[in-house]
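Chains as they are written, first to last, in our numbering: chain A, -4 to 247; chain B, 3 to 227.
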C-alpha cells in the first residue's frame, strides 16, 4: 500500500508555543486515517498543517517536512492554491455559500477554470453530487438556495464542493459534530465510499466514530503523537497506557 | 478527576460474580467427587441441583455483559474484560457439566460396587480442582504468571488420564461380566470428565492472559491434532 502523505519530524509553533512536537505519521493512500485526542492536543493544528491552512496565522511556524507523493509541501516553490486543490477540506459546521446548490458545487471548477458553463459543468456538478451521495435528494432543486438544505445535506454539499475540484486528499475536521445521528451515519457511509477514490484524514472527538470509519488511528496528547496503529488494534489492545486511559474514558 | 466510576463499579461487580461462579463450580466438583467416593445417590442429586445454579449464573452474567457492551461501548482493556468474562463463564458452565457427568455415573457404578477403582482418579480430581482454584485466583488478580502455572499442570492431568485409561482397558480385557464391563466403562467416563475439566481450566488461563496482554497465546497446543 502506498503512503500518500509522509510526515517527517514535523514541529509546529504558534509564536513561542510549540503546538506539535516531532510528528512522524504515514498517511496511507485510499485509506481513512483518524486523529483522536482531547481538545487542545494539536490534532486540528496537525490537520491544518497538511494543506498549509495555518500559514496565514501570524507568528506561526512549521519545521520538518510533509511529503505529498514524495514532495515537500512546505517547499517555498509550492503553489499553495494548487496544494489546496489537491488537498481539500471539510469543516466542522457545514459552510455552504449563500448561493444555489448548483453554484456551490460549480464554484471551485469555475475558479480553477476546470469547466466552462454549459454541459461540461452540468456534468461535473452531477458527478460531484453523486459522489457525495446527494444527487438524488437535490436533482430537482439545483437552483434552490443551499441554505434551505438540512444540515446533513449541507455537509454532503460541502463534500461535493470539495470533490468537485478533484482533489487527492480530503481533510475532515469534525465533519459530523453539528449533525444528528442519522445524518452522521450517512456522512460516515459516504466516507467509506469516498475512500475508494480519495485519501481521507479525519479529526474527530467521537471515538466510536474513529473506530467505525477509519483504517488507521493516531492518538494525540499535548502536541505529541502517543500512538499510531491500525484502528482495530488501537481500540482492542492499545500499546500505550495513556491511549488505553483515553479511549476507555479514564482520562481526557 | 476520576471518570467512569459507575462503569468501574459494574466491571468490579462482574469480576466478583465470576469468582463466585468459579467457587460454585469448585464446590460442585467437590460434591461430585464425594458422591463418587461414597457412591451416594442423594449427593449425586445435590450435584444436579448445584449444576442448575451454575447454569443460571452463566445466563445472568452473560446478560449483564451484553448490557455493559451496549450501554457503555467498552474499548481496549474494558472490552477485553467483558469479552473474557463472556468466554470464561462458558468454560465454567462446561466444567459444571463435567462435574455433573461424574455424578451421572454413580447409578451405573452401584450395579457393581466392588469394582476396584483406580486411585489416580481421586488424584486427578484433586489436581483439576486445584487448577480451577488457582486459575480463578489468577483471574481475580490478573496474574499472567499464575495463569501459565495452571496451564502447565494440564500435562500432568493428561498423563494421569493415560495411566487410568491403560489400567481400565487392561482390566476390561479379562472381564466377561457385563456389569463389570459397564462399571469399567463408566470409570473411564469419570476419567474423561476430569481430563476435560483440566482442559477447561487451561482455557480460562488463556483468557486471563489475553485479558491482561491483549494477545492470544494458546498454551498446550496438541501437535497431534
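In this text, a Cβ means the ideal position worked out from N, Cα and C, and glycines have one as well. Quantities reported herein were computed from a predicted structural model and do not represent experimental measurements.
So, is the C-beta of residue i closer than 8 angstroms to a C-beta in chain B?
i	result
residue 176 of chain A	no
residue 242 of chain A	yes
residue 239 of chain A	yes
Using a cut-off of 9 angstroms between C-beta atoms, extract the partners of residue i located in chain B.
i	result
residue 230 of chain A	77, 78, 81
residue 233 of chain A	77, 78, 79, 216
Mind checking if residue i is an interface residue toward chain A, Cβ cutoff 8 angstroms exclusive?
i	result
residue 144 of chain B	no
residue 5 of chain B	yes
residue 25 of chain B	no
residue 217 of chain B	yes
residue 226 of chain B	Note on residue 226 of chain B: pLDDT 48, under 50, position unreliable in the model; the coordinate value appears next. Closer than 8 angstroms: no.
Does DSSP put residue i in a helix, in a strand, or in coil?
i	result
residue 61 of chain B	helix
residue 54 of chain B	helix
residue 108 of chain A	coil
residue 16 of chain A	strand
residue 194 of chain A	strand
residue 59 of chain A	strand
residue 2 of chain A	strand
residue 169 of chain A	coil
residue 23 of chain A	strand
residue 131 of chain A	helix
residue 69 of chain A	coil
residue 157 of chain A	helix
residue 219 of chain A	strand
residue 30 of chain A	strand
residue 52 of chain A	coil
residue 235 of chain A	coil
residue 212 of chain A	strand
Taking C-beta to C-beta, are residue i and residue j nearer than 8 angstroms?
i	j	result
residue 22 of chain A	residue 44 of chain A	no
residue 168 of chain A	residue 27 of chain A	no
residue 75 of chain B	residue 203 of chain A	yes
residue 127 of chain B	residue 185 of chain B	no
residue 244 of chain A	residue 5 of chain B	yes
residue 13 of chain A	residue 4 of chain A	no
residue 198 of chain B	residue 100 of chain B	yes
residue 120 of chain A	residue 141 of chain A	no
residue 263 of chain A	residue 160 of chain A	This structure does not reach residue 263 of chain A, given that chain A is present from -4 up to 247, and the question cannot be answered.
residue 63 of chain A	residue 80 of chain A	no
residue 20 of chain B	residue 141 of chain B	yes
residue 148 of chain A	residue 132 of chain A	yes
residue 198 of chain A	residue 38 of chain A	yes
residue 127 of chain A	residue 173 of chain A	no
residue 30 of chain A	residue 182 of chain A	no
residue 78 of chain A	residue 46 of chain A	yes
residue 104 of chain B	residue 38 of chain B	yes
residue 80 of chain B	residue 16 of chain B	no
residue 56 of chain B	residue 98 of chain B	yes
residue 49 of chain B	residue 70 of chain B	no
residue 86 of chain B	residue 146 of chain B	no
residue 185 of chain A	residue 151 of chain A	yes
residue 77 of chain B	residue 52 of chain B	no
residue 148 of chain B	residue 139 of chain B	yes
residue 69 of chain A	residue 55 of chain A	no
residue 217 of chain A	residue 36 of chain A	yes
Using only the alpha-carbon positions, how far apart do residue i and residue j sit?
i	j	result
residue 227 of chain B	residue 43 of chain B	Bear in mind that the predicted position of residue 227 of chain B carries a pLDDT of just 43, short of 50, making it unreliable; the figure below should be weighed with that in mind. Straight-line Cα distance between these residues: approximately 38 angstroms.
residue 234 of chain A	residue 208 of chain A	21 angstroms
residue 228 of chain A	residue 162 of chain A	29 angstroms
residue 123 of chain B	residue -4 of chain A	58 angstroms
residue 113 of chain A	residue 188 of chain A	28 angstroms
residue 203 of chain B	residue 201 of chain A	39 angstroms
residue 177 of chain B	residue 108 of chain B	20 angstroms
residue 136 of chain B	residue 157 of chain B	16 angstroms
residue 178 of chain A	residue 129 of chain A	12 angstroms
residue 190 of chain B	residue 67 of chain B	37 angstroms
residue 173 of chain B	residue 102 of chain B	25 angstroms
residue 123 of chain A	residue 247 of chain A	38 angstroms
residue 215 of chain A	residue 58 of chain B	44 angstroms
Along chain B, in chain order, which residues have C-beta atoms closer than 7 angstroms to that of residue i?
i	result
residue 245 of chain A	5, 6
Can you give me, in chain order, the residues of the region 175 to 206 of chain A that have a beta carbon less than 8 angstroms from any beta carbon in chain C? Given the protein chain composition of this structure (A and B), no chain C is represented.
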